Structures are given as structure tokens and as C-alpha cells.
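Notes follow the structure.
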Amino acid sequence: MKKKIIALLLMLSIAISGCGSPNNTPESTSAPENASEDNSESLSAETTNAGDAEEQKAISAFEEITVIDNGECTVKITDIDSGNLFGYTLKAYLENKSPDKTYMFSVSNAAINGVQCDPFFATEVAAGKKSNNDISFTNENDIGEFTDIEISFRVYDSNDWTADAVAEETVHVYPYGEENATKFVREAQSTDNIIIDNEYVTVIVTGYDPDSVWGYTVNLFLVNKSDKEVMFSVDEASVNGYMVDPFYASSVMPGKCAFSSISWSDSSLAENGITDVGEIEFLFRAYDCNEFMADDFAKEVITLAP
Numbered sequence: 341m342k343k344k345i346i347a348l349l350l351m352l353s354i355a356i357s358g359c360g361s362p363n364n365t366p367e368s369t370s371a372p373e374n375a376s377e378d379n380s381e382s383l384s385a386e387t388t389n390a391g392d393a394e395e396q397k398a399i400s401a402f403e404e405i406t407v408i409d410n411g412e413c414t415v416k417i418t419d420i421d422s423g424n425l426f427g428y429t430l431k432a433y434l435e436n437k438s439p440d441k442t443y444m445f446s447v448s449n450a451a452i453n454g455v456q457c458d459p460f461f462a463t464e465v466a467a468g469k470k471s472n473n474d475i476s477f478t479n480e481n482d483i484g485e486f487t488d489i490e491i492s493f494r495v496y497d498s499n500d501w502t503a504d505a506v507a508e509e510t511v512h513v514y515p516y517g518e519e520n521a522t523k524f525v526r527e528a529q530s531t532d533n534i535i536i537d538n539e540y541v542t543v544i545v546t547g548y549d550p551d552s553v554w555g556y557t558v559n560l561f562l563v564n565k566s567d568k569e570v571m572f573s574v575d576e577a578s579v580n581g582y583m584v585d586p587f588y589a590s591s592v593m594p595g596k597c598a599f600s601s602i603s604w605s606d607s608s609l610a611e612n613g614i615t616d617v618g619e620i621e622f623l624f625r626a627y628d629c630n631e632f633m634a635d636d637f638a639k640e641v642i643t644l645a646p
């Protein structure tokens, strides 16, 4: 039930805010040092002690980060709210300096401790106006304390999607200091089914959820070991021998990992008289998201027996 509530909240968020373009190659920027040498020692202690008091003390030392500041717009991270109702939240200040254009401020890519995620953030700011906004992340997959928050911002003309972006920038936010940033490592489970594993990608089936809000679901863990943005997709899918398309595709940025899922709607299964899923078969592909003529990183017919 918790998953369904979160999913419905996310869908509502998308409907309200709209969505941004996913294509960008932002320049990486590191957050400035957060405190003095004395403060750094206290931040280190807070990393080893995960209690609420220590976490709040670390966050209270947060210093505002200017991510973008040019002739067209400004983006700043002004604070952290780890106890927000909608999840771990960054407070953002947005400013549109254009005299006549409405700009869309969006998060095109994001990762927590190296795990790709999506805060579903995009908001319009009218010409000459400012806005204070929340960028919120859920921790549904329990990836631990948020020690490295990587966000790629894209700002563009809301009424002309063919125009070049007026700003693209990536920032790292280190709540406990950069020296205490950690990278998520998923522990292998006895129930894991590694369906693809080569020098470029790893794909693991971590379980099945017949009662997901999205329908019958196969849960995946994806690892992109390459220096390219990789698109993972499913074609020619069948369930119990009947062709049923889940319309699945998920991209993962270079060097990142991601939790993902392939889902078949209840109605699509019912139309084919499927009440119990016994066999799933599909062609699974992993390929360069930005170079369709390149060789696939993986292309295999996968058969699952839930």
C-alpha cells in the first residue's frame, strides 16, 4: 500500500509540474566546502553516528550553493530538509532574468550515492520572476544515508523546445562533506537472477510483484559500467505464450546503477485470459542511448519462470 501511495503522489507531481527534456551533457560542478576545519571534524563524526541529532547538526551547517548564475537565469540550492513529508528535500531558489521569455527549470538527471533516481522536478518561472521550490527524493529502495546528491539542471524556453538550453549544469551536494561521500553497493541476494552480466552492463531480476500499482511487475537492478548513457529496453515480450507488450525502456547514465521494473497492466493480462503468470519471455537490449548505429552492449532472449 505504501508503494502505491508513493507512486500516486509521484504521478500527481508529474501532472502538476510537467516534464523536461532528458537530453543534455551538463558540465560537472562540485559543491564548495561546507565548513571550517573544526566543522569538518564534527561532520565526520556525524557520518559514523547516524542518529537524528547528528544528521540535523550536519545539515544545519549547510552553505548555499550557486549552481547557475548567468545573464538568463540563476539556480541556487539554499537548504536541506531531510524530514520533508515528500522525502529528502533540497530547497531551490530559481530566477528568470529574461525580460520576455518563460523558462522551464528542470532536473534532467539525478543520482543518490551513485544510484540513479528521478525527483520528477520541472517548474516554469515567468519572465523577470523568482521562485522558491522543493526538489524531493524518496528512499523507497533503502540506499542508506544521502551522502552524495548529484543533480543535473536544465533551463530552457518553455514555449520553444527546439531552442538551445539557456543553462545546463551538474552539481554535487554533500550533506556530510565531500570526504564522507559513499557509493551505494547492493548486496547480492540468494533470490537474485542475473540475466545479463558483461563488461558493459549487469541486469539482475531481484523479484516479482503481482500486486504493483502498475500491474504485474518484474523488479530489476541495472548497472551501467560503460562511459555511455545506456538504454535498457524490452521487445517481443510474451506472457504464458501470449504477446503482451510492457512498453519498457529505461536509461542509465555512465557509471551509475538504477532500480527499475517491467510491468504488464492488469487489463492487458485479462484481455489474454492470463490470471497466473507462469512464463515470461522477451528480447532484452542494452545500447548506446545517443548512438543508435553502435553495436548493442547486450542483446539476449530472456525466459523467466516466476
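Position one of the sequence shown corresponds to residue 341 (the working numbering), numbered consecutively onward.
Ideal Cβ positions, reconstructed from N, Cα and C, are used throughout, including at glycine.
All figures in this text were calculated on a predicted structure; none of them were measured in a lab.
Around the C-beta of residue 529, fewer than 16 other C-beta atoms lie within 10 Å, and the residue is accordingly described as exposed. Bridge partners of residue 456 according to DSSP: 451.
Residue state for residue 610 is assigned as helix, using DSSP reduced to three classes. Here residue 538 is exposed. Its C-beta has fewer than 16 other C-beta atoms within 10 Å.
For residue 544 and residue 467, the gap between their C-alpha atoms comes out near 46 Å. Counting other Cβ atoms within 10 Å of its Cβ, residue 534 stays below 16 and is therefore classed as exposed. A residue is called buried once 16 or more other Cβ atoms fall within 10 Å of its Cβ, and residue 448 is buried on that count. Within the stretch 539 to 577, the complete beta strand (DSSP E) runs of at least 3 residues fall at 541 to 552 and 555 to 564.
Straight through space, the alpha carbons of residue 460 and residue 406 are spaced by roughly 21 Å. Under the three-state reduction of DSSP output, residue 520 falls in the helix class. If the five residues before and after residue 626 are omitted, its C-beta is found closer than 6 Å to the C-beta atoms of 541, 570, 572, 637 and 638, all from its own chain and listed in chain order.
At a Cβ-Cβ threshold of 8 Å, residue 474 and residue 436 do not count as neighbours. Contact check between the stretch 487 to 501 and the stretch 440 to 447: three or more CB pairs, one atom from each, fall below 8 Å, which counts as touching. Per DSSP, the continuous beta strand (DSSP E) segment holding residue 639 begins and ends at 638 to 644. When only Cα atoms are considered, residue 487 and residue 517 end up about 8 Å apart. For residue 437, there is no enclosing beta strand (DSSP E), as DSSP marks it with neither H nor E. Residue 640 and residue 536 do touch by the CB rule: their CB atoms are close to 6 Å apart, below 8 Å. In this structure, the CA atom of residue 576 is about 27 Å from the CA atom of residue 456.
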